[in-house]
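Enquirer: Quick note on the working numbering: the sequence shown kicks off at 5 and runs consecutively. Think of the CB as a built atom: it goes at the ideal place given N, C-alpha and C, for glycine as much as any other residue.
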Amino acid sequence: MSETATAPDVRLEEVVKEFGETRAVDGISLEIPRGSFFALLGPSGCGKTTTLRMIGGFEEATSGRIFLGDRDVVGLPPYKRDVNTVFQSYALFPHMTVADNVAFGLERRKIAKSEIATRVSEILELVDLEGRGSRKPRQLSGGQQQRVALARAIVNNPRVLLLDEPLGALDLKLRKQMQLELKRIQHEIGITFVHVTHDQEEAMTMADTIAVMNQGRIEQLGTPAELYERPLTAFVAGFLGKSNLLEGTVAGDGVVRLGDGTELRARTDGSQGAVSVGVRPEKISLGEGGVNRLSGQVRESAYIGVATEVVVATAVGELTVFHQNVEAGGVVPAPGSHVTLSWSPDATFVVDRREEISG
Ligand code: ATP
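#1: Tell me which residue opens and which closes the alpha helix (DSSP H) that Thr386 is part of.
#2: Tell me the residue span of the alpha helix (DSSP H) that contains Leu1.
#3: How is the beta strand (DSSP E) around Met217 delimited, first residue to last?
#4: Pick helix, strand or coil for Gln190, following the three-state DSSP scheme.
#5: Consider the C-beta atom of Phe97 and the heavy atoms of ligand 1; say whether any pair is separated by less than 6 angstroms.
#6: Name the DSSP beta bridge partners of Asp34, please?
#7: For Ile288, which three-state DSSP category applies?
#8: Take the Cβ of Arg357 as the centre, count every other Cβ of all protein chains shown within 10 Å, and call the residue buried at 16 or more, exposed below.
#9: Is it buried or exposed for Thr55, if we count other Cβ within 10 angstroms and need 16 for buried?
#10: Using a Cβ-based criterion (distance less than 6 angstroms to any ligand heavy atom), does His199 qualify as near ligand 1?
#11: Shorter than 7 angstroms from the beta carbon of Leu323 to some beta carbon of chain C?
#12: So does Phe23 have its beta carbon nearer than 6 angstroms to some heavy atom of ligand 1?
#13: Could you tell me if the beta carbon of Gly68 falls within a distance shorter than 6 angstroms of some heavy atom in ligand 1?
#14: Can you tell me the Cα-Cα spacing of Val314 and Ile214, whole angstroms?
#15: Would Asp264 and Ala319 be called neighbours here (beta carbons separated by less than 7 angstroms)?
#16: Relative to ligand 1, is the shortest distance from any of its heavy atoms to the C-beta of Ala43 smaller than 6 angstroms?
#17: Does the Cβ of Lys117 lie closer than 6 angstroms to at least one heavy atom of ligand 1?
#18: Under three-state DSSP, which class holds Tyr232?
#19: According to DSSP, is Asp350 part of a helix, a strand, or is it coil?
#20: Would you mind working out which of Arg221, Gln219, Leu165 sits nearest Phe197, comparing C-alpha positions?
#21: Alpha carbons only, please: which of Leu110, Phe243, Leu96 is nearest the one belonging to Pro141?
#22: At a cut-off of 6 angstroms, is Thr89 close to ligand 1 when judged by its beta-carbon and the heavy atoms of the ligand?
#23: Does Phe23 pass the burial test, meaning 16 or more other C-beta atoms within 10 Å, or should it be called exposed?
#24: According to DSSP, which residues form a beta bridge with Asp356?
Written out as structure tokens, the structure reads:
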């Protein structure tokens, strides 16, 4: 098959999926460059799994086009697409050894036995399971079984690996460990990973690029830092981490006026009229050091280890501040105290007036 060197590994053009009356995916276009770790992130029901299943061929698009490399794959069954999928349920063959589970796909392709053995042992080493090939899946922990599932999916070197909430069944500690492992493995083998998750921290830990989905559409696409530092909508600001959003009106280039007349300097980027102006809790200082200032009264403060979370009531609403616990026993103002909050204009973003966050 001829292939242009620059073709993205996955390309979706205006893809729509309807289930009866439900429009699960509402016109998605995106390109996933070769070798990237791409995450589809969004709340339950936003259409991310359906999008992944259409790339894998488990679901047919109602309209639109899907390409893997240069090849239009609409109408092709899953086994004819150069992709493999890792699901949350490992779906290993329980009666077969780990090595046989991994070798399964290669054996069906009639590859020489010696080559299969070499390849299986290389892949088991990659996923940190060397020496475990003769065990049965039930003799492994959940995290190890998921590594076997991963090994089985990458052993025949697919163009794209689809991951459907692959860490959902693991406990939090193991999940965090596996996030870094998956990222390492993806870097080592360089296969394009497309990962579906509703967990923003998981997406940010692993992916180079994240598409934030809401109600069947892509709300914003970017690197984790772009989405976090420069959200374009209230939905993205609220879905990735915590945001303080205050209602205001653009009063000039780079200026937003709040309900009480306070003016904040912000990156207005051409916005006009009624907006929400946002700042992340960790960008706010207790004190007058920054250009943007609001004063208020401490409602609550809670020590959460890396920071103390302080909720401050101001004339324009409550703001949450994450005050870094740089020194042990550092003093945080007690509930009832009056404080001034300040932060930098560069940390102040503007989005359309907060729409209802679904999810
Ligand atoms: P979750 O994280 O809960 O899996 P999701 O973002 O992956 O959510 P999808 O599973 O893609 O969302 O579902 C999107 C919408 O399509 C939902 O409203 C869902 O009920 C609907 N849907 C998905 N699959 C089917 C189906 N086979 N038949 C009918 N409706 C479906």
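Expert: On the basis of the data shown:
#1: The requested residue 386 does not occur in the structure, where the chain is confined to residues 5 to 363.
#2: Only positions 5 to 363 of the chain appear in the structure, and residue 1 is not among them; the question remains open.
#3: 213-218
#4: helix
#5: Checking the Cβ of Phe97 against ligand 1 gives no.
#6: Inspection of the sequence shows that residue 34 is occupied by Leu rather than by Asp. For Leu34, which the question treats as bridged, DSSP gives the partners Leu16.
#7: coil
#8: Exposed is the call here.
#9: It counts as buried.
#10: No, the beta carbon of His199 sits no closer than 6 angstroms to any heavy atom of ligand 1.
#11: The chain inventory of the structure shown lacks chain C, comprising one protein chain alone.
#12: yes
#13: no
#14: Each residue's alpha carbon lies about 30 angstroms from the other.
#15: A Cβ-Cβ contact shorter than 7 angstroms links Asp264 with Ala319.
#16: no
#17: no
#18: Tyr232: helix per DSSP, three-state reduction.
#19: helix
#20: Leu165
#21: Leu96
#22: Incorrect: Thr89 has no Cβ contact closer than 6 angstroms to ligand 1.
#23: exposed
#24: Val279, per the DSSP bridge assignment.
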